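A.B. asks: Protein sequences, first through last, are from chains E and X. Using our numbering, the first residue of the first sequence is number 13, and each one after it goes up by one. Using our numbering, the first residue of the second sequence is number 260, and each one after it goes up by one. Glycine included, each C-beta is placed from N, C-alpha and C at the ideal position. Only a predicted model underlies this, so the values are computations on that prediction, with no experimental measurement involved. Can you read through this structure? Questions will come right after.
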Amino acid sequence: MPDLPFLGTFSMNTFFQLFVSGLATGSIYALAAIGFTLLWQASQTINFAQGEFIMLPAFFVLAGTQFLGLSFPVAMAIALVLSVLLLGLGFKRVIIDPLLPHGVLPIVIATIALGILAKESVKQFYTAEAQPFPALFSDRTLNILGAAISVQDIAVLLIALGAVALLQLFLNGTKIGRCMQATAQNPQVAEILGVPVRRMILFTFLINAALAFLASVLISPIYLAKFSNGETLGLIAFIAAIVGGFNQIRGALAGGLLIGVVDNLAAAYISASYRSAVPLILLIIIILVRPQGLLGKAEGRTV
Amino acid sequence: MSTRTSFSLVAGLAILILLPFTQSNYGVFVLSSWMVYSIAAMGLNLTLGYAGQVSLAQASFMGIGAYTTALMTMAGIPWPLAMLAAMVLCFVIGLLLGYPALRVQHHFLAFVTLAFNALVVLVLRNEEWLTGGTYGVVGIPRPEILGLPTQKPLAFYFFVLALFMLTAAALYGIIRSPWGRAFRALRENPIRANSLGVDIRKTTLLAFAIGSACGGLAGGLVAQLTQFIDPNSFGLTISLKVLLMVIVGGAGFFFGPILGALLIVLAPEFLRFTEGYYLMLYAALVIVLMVFCPSGLLGLVERARTALKLRQNPNATTWEAGR
Chain E
13 MPDLPFLGTF SMNTFFQLFV SGLATGSIYA LAAIGFTLLW QASQTINFAQ GEFIMLPAFF
73 VLAGTQFLGL SFPVAMAIAL VLSVLLLGLG FKRVIIDPLL PHGVLPIVIA TIALGILAKE
133 SVKQFYTAEA QPFPALFSDR TLNILGAAIS VQDIAVLLIA LGAVALLQLF LNGTKIGRCM
193 QATAQNPQVA EILGVPVRRM ILFTFLINAA LAFLASVLIS PIYLAKFSNG ETLGLIAFIA
253 AIVGGFNQIR GALAGGLLIG VVDNLAAAYI SASYRSAVPL ILLIIIILVR PQGLLGKAEG
313 RTV
Chain X
260 MSTRTSFSLV AGLAILILLP FTQSNYGVFV LSSWMVYSIA AMGLNLTLGY AGQVSLAQAS
320 FMGIGAYTTA LMTMAGIPWP LAMLAAMVLC FVIGLLLGYP ALRVQHHFLA FVTLAFNALV
380 VLVLRNEEWL TGGTYGVVGI PRPEILGLPT QKPLAFYFFV LALFMLTAAA LYGIIRSPWG
440 RAFRALRENP IRANSLGVDI RKTTLLAFAI GSACGGLAGG LVAQLTQFID PNSFGLTISL
500 KVLLMVIVGG AGFFFGPILG ALLIVLAPEF LRFTEGYYLM LYAALVIVLM VFCPSGLLGL
560 VERARTALKL RQNPNATTWE AGR
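Next comes the structure, spelled out in structure tokens:
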């Protein structure tokens, strides 16, 4: 057993710092997990390429600035449009639509393959090296109650939470949002009541792509843009979605934040070499003890 | 079994016995690894094709089997005992892992197994005192059968062939048994199977555990075949590879995983000229296959056969034509 660092050097300030930066990365995980949950609700699609969906938009931006010589804001705008078209519309039309009638399994396989395709394409056509990505905010730190909190962490947290709040407002407060919820709950009844179900499902895919774009530009300045980023990001998004409760946005948000914080604290206080095991163990414990997730509601039938 | 099927089986076996004599050492190695992966894929087919649950941990069971076999034989324990221990260990871990995962709905087993595979690789990498860490285990002995060494590639090929045939026969027996029929019923219509008295969880769990034990056996053979193992040989990508073997060949068809393993083990040999584009091409092919034929290659064959019969006898129902 290695020495327990927190016995000797535990400081409340360090803990607070780790906690806040954990919340910041956790809020990015939450964006990915929410998109994942939305897709599942709307069309029973388990997207195993979700991690790659978050890896790609950063490279769209980089390609825009480096190869086309665009300015950063223009490249961002184009990357957003490209993400929504490619990862939203294209993904649905080309892969999900033909596969949906055949059940979950072919979609699982096809999205796994899609993830590999995206990863390998970036590696072949762009680079295998990690690329620095321009930070959206200054890397200054603020002194709050003696703890050094970085401005970037706070900005990331605010933007991500703001996006989630907007999404909630949209889903609960607008007609389209309510139609989307109806579609998620019961497509047949929604159809009978005159909801254009197919269009609502398409909207879900577009929103997922937009969330992936946001997650991408928020996380890439922290972890650098790399072709293999999707592997961990995708896995953590799944875990966050399940830990929080697979069928709820609130749950995915809580799951994402929890994983971010736990991961950060575990790396500092438990063991760096087993850091990536912590979310995995959390997943297995949750499934054992509370299979419907922390905030999820149990569904009646288990078949 | 009709005369035609038994004839093709005998012919197939004859080919498998004669083929290695025409091959170089490398060819024999490729054929051996095809059969080893077939064993792992057949085990996964039990879980995936017949019980309808996605598992992404077959490589981790291969890893557990490989390290168990390697470390035990190198500690002087006879190989049959070591390989048996590997299989039993994988069976038990399969039960322990499947039990919580199958309690919940959707495809949770996929996620739990995904996480489990990542965990196993972490443990193999970090516990250097046992597994040698990233350096792996070197110099794993090949078994000696009744005093006959299998150090030569050809001799080891026949050892693998024997175990391959044994596993195939055992799995065939399981699928044909009343119990095997029960879990096929469960894949087709779980609610109906349940109301007819099939215990869904118990049946699926056992299918998963048996599939895991096959993974353990395949892992033991990988250790002896390559005589070197490291954590990366059992990562998530290998799990995906085994999953692809089952899907590409045709999940739920007995010969599906064997055909799939053949294609996927041979694919790098044929696609070598594509160099770095290999994985991209491979992923694109899988997507195309899924979009146009989600039931795999044998599913395609069956569809063609049904269509042909319908043309010959337009009055037959699809059901009759499918016989």
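Taking the alpha carbon of I546(X) as the point to measure from, which residue in S232(E), P118(E) and G185(E) has its own alpha carbon closest?
C.D. replies: Among S232(E), P118(E) and G185(E), the Cα nearest to that of I546(X) belongs to P118(E).
A.B. asks: Report back the beta-carbon spacing between A227(E) and L43(E) to the nearest angstrom; my notes put them in contact at under 8 Å.
C.D. replies: Confirmed, about 4 Å.
A.B. asks: Nearest by alpha-carbon distance to I297(E): which of V550(X), K568(X), L480(X) and L356(X) is it?
C.D. replies: Per the Cα distances, L356(X).
A.B. asks: Taking a Cβ distance cut-off of 7 Å, strictly less, list which residues of the segment 276-305 of chain E are near chain X, in chain order.
C.D. replies: Within the segment 276-305 of chain E, the residues whose Cβ lies closer than 7 Å to some Cβ of chain X are S285, Y286, S288, A289, L292, L295, I296, I299, L300 and P303, listed in chain order.
A.B. asks: Does DSSP classify S162(E) as helix, strand or coil?
C.D. replies: In the structure shown, S162(E) sits in a strand (DSSP, three-state: E or B).
A.B. asks: Rounded C-beta distance between A519(X) and M321(X)? I'm assuming under 8 Å.
C.D. replies: Reading the sequence as shown, one finds Gly at residue 519(X) and not Ala. So it is not a contact: roughly 16 Å between Cβ atoms.
A.B. asks: Whole angstroms is fine: what's the gap from N385(X)'s alpha carbon to T186(E)'s?
C.D. replies: The alpha-carbon atoms of N385(X) and T186(E) are separated by roughly 52 Å.
A.B. asks: DSSP puts F487(X) in a beta bridge; with which residues?
C.D. replies: The partner list for F487(X) (beta bridge, DSSP) reads V397(X).
A.B. asks: Mind checking A211(E): buried by the 16 CB within 10 Å criterion, or exposed?
C.D. replies: First, the amino acid is wrong: residue 211(E) is Arg here, not Ala. It is exposed - the Cβ of R211(E) has fewer than 16 other Cβ atoms within 10 Å.
A.B. asks: Using a Cβ-Cβ cutoff of less than 8 Å, which residues in the same chain neighbour S83(E) once the five nearest sequence positions on both sides are dropped?
C.D. replies: For S83(E), where only same-chain residues beyond five positions count, the Cβ hits under 8 Å are T77.
A.B. asks: Measuring CA to CA, which of F258(E), F79(E) and A167(E) is closest to I234(E)?
C.D. replies: Of the candidates F258(E), F79(E) and A167(E), the one whose C-alpha sits nearest the C-alpha of I234(E) is A167(E).
A.B. asks: Are G256(E) and A54(E) close, meaning C-beta to C-beta below 8 Å?
C.D. replies: Going by C-beta atoms, G256(E) is not nearer than 8 Å to A54(E).
A.B. asks: Report the three-state DSSP secondary structure of T426(X) (helix, strand or coil).
C.D. replies: DSSP places T426(X) in helix when its eight states are reduced to three.
A.B. asks: Is I336(X) near the ligand FAD, judged by its Cβ being under 7 Å from some heavy atom?
C.D. replies: Ligands displayed in this structure: none; no statement on the ligand FAD is therefore possible.
A.B. asks: Please tell me whether G581(X) has its Cβ less than 8 Å away from any Cβ of chain E.
C.D. replies: With a pLDDT of 49 at G581(X), under the threshold of 50, the modelled position of that residue is not reliable, and the figure given next carries that caveat. Chain E, which has no Cβ nearer than 8 Å to the Cβ of G581(X), makes this no.
A.B. asks: Based on the DSSP output, what are the partners of E403(X) in its beta bridges?
C.D. replies: Partner(s): P408(X).
A.B. asks: Is the segment 259-275 of chain E close to the segment 199-208 of chain E, with three or more CB pairs under 8 Å?
C.D. replies: The segment 259-275 of chain E is not in contact with the segment 199-208 of chain E.
A.B. asks: What beta strand (DSSP E) runs, 3 residues minimum, are completely inside the segment 130-184 of chain E?
C.D. replies: Taking only runs of at least 3 residues, the beta strand (DSSP E) segments lying wholly in the segment 130-184 of chain E are 153-156 and 159-162.
A.B. asks: Between A125(E) and Q486(X), what straight-line distance do the alpha-carbon atoms span, to the nearest angstrom?
C.D. replies: Cα to Cα, A125(E) sits roughly 30 Å from Q486(X).
A.B. asks: Contact criterion: CB-CB distance below 8 Å. Does F250(E) meet it with respect to chain X?
C.D. replies: Yes, F250(E) lies at the interface with chain X (some Cβ there is under 8 Å from its Cβ).
A.B. asks: If you count every other CB in all the chains shown that lies within 10 Å of the CB of E132(E), and 16 or more means buried, which is it?
C.D. replies: So E132(E) ends up on the buried side.
A.B. asks: Identify the contact partners of L117(E) in chain X, using a Cβ-Cβ distance below 7 Å as the criterion.
C.D. replies: V313, listed in chain order.
A.B. asks: How is A237(E) classed by DSSP in three states: helix, strand or coil?
C.D. replies: In the structure shown, A237(E) sits in a strand (DSSP, three-state: E or B).
A.B. asks: Would N155(E) be called buried (16 or more neighbouring beta carbons within 10 Å of its own) or exposed?
C.D. replies: When all chains shown are included, N155(E) counts as exposed.
A.B. asks: Since S133(E) meets chain X, which of its residues come closer than 7 Å, beta carbon to beta carbon?
C.D. replies: By Cβ distance, chain X contributes M539.
A.B. asks: So what does DSSP say about Q282(X), is it helix, strand or coil?
C.D. replies: Correct three-state label for Q282(X): coil.
A.B. asks: Taking a cut of 8 Å between CB atoms, which residues from the segment 340-360 of chain X lie near chain E?
C.D. replies: If the cut-off is 8 Å between Cβ atoms, the segment 340-360 of chain X has P359 and A360 near chain E.
A.B. asks: Starting from F493(X), find everything on chain E with Cβ-Cβ shorter than 7 Å and list it in chain order.
C.D. replies: Those do not exist, as F493(X) stays about 16 Å from chain E at its closest Cβ, beyond 7 Å.
A.B. asks: Who are the Cβ neighbours of F375(X) in its own chain at under 7 Å, not counting the five residues just before and after it?
C.D. replies: Result list for F375(X): A316, S319 and L356, in chain order.
A.B. asks: Quick one: which residues of the segment 521-551 of chain X get their C-beta closer than 7 Å to a C-beta of chain E? List them in chain order.
C.D. replies: Taking 7 Å as the Cβ-Cβ cut-off against chain E, the residues of the segment 521-551 of chain X that qualify are G535, Y536, L538, M539, A542, A543, V545, I546, M549 and V550.
A.B. asks: What's the gap between the Cα of F280(X) and the Cα of T409(X)?
C.D. replies: Rounded to whole angstroms, F280(X) to T409(X) spans 16 Å at the Cα level.
A.B. asks: Below 8 Å, how does it come out for the segment 379-399 of chain X and the segment 460-478 of chain X: are there three or more Cβ pairs, yes or no?
C.D. replies: Touching, no.
A.B. asks: Within the 8 Å Cβ cut-off, does V371(X) reach chain E?
C.D. replies: Answer yes: the Cβ-Cβ gap between V371(X) and chain E drops below 8 Å somewhere.
A.B. asks: Using the beta-carbon of each residue, which ones in chain X are nearer than 8 Å to Q200(E)?
C.D. replies: Neighbours of Q200(E) on chain X: none; closest Cβ ~18 Å, over 8 Å.
A.B. asks: Taking all protein chains shown into account, decide if S265(X) is buried (16 or more other Cβ within 10 angstroms of its Cβ) or exposed.
C.D. replies: Exposed, since its Cβ has fewer than 16 Cβ neighbours within 10 Å.
A.B. asks: Within 8 Å (strictly less), CB to CB, does Q136(E) reach chain X?
C.D. replies: Taking Cβ atoms only, chain X reaches closer than 8 Å to Q136(E), which makes this a yes.
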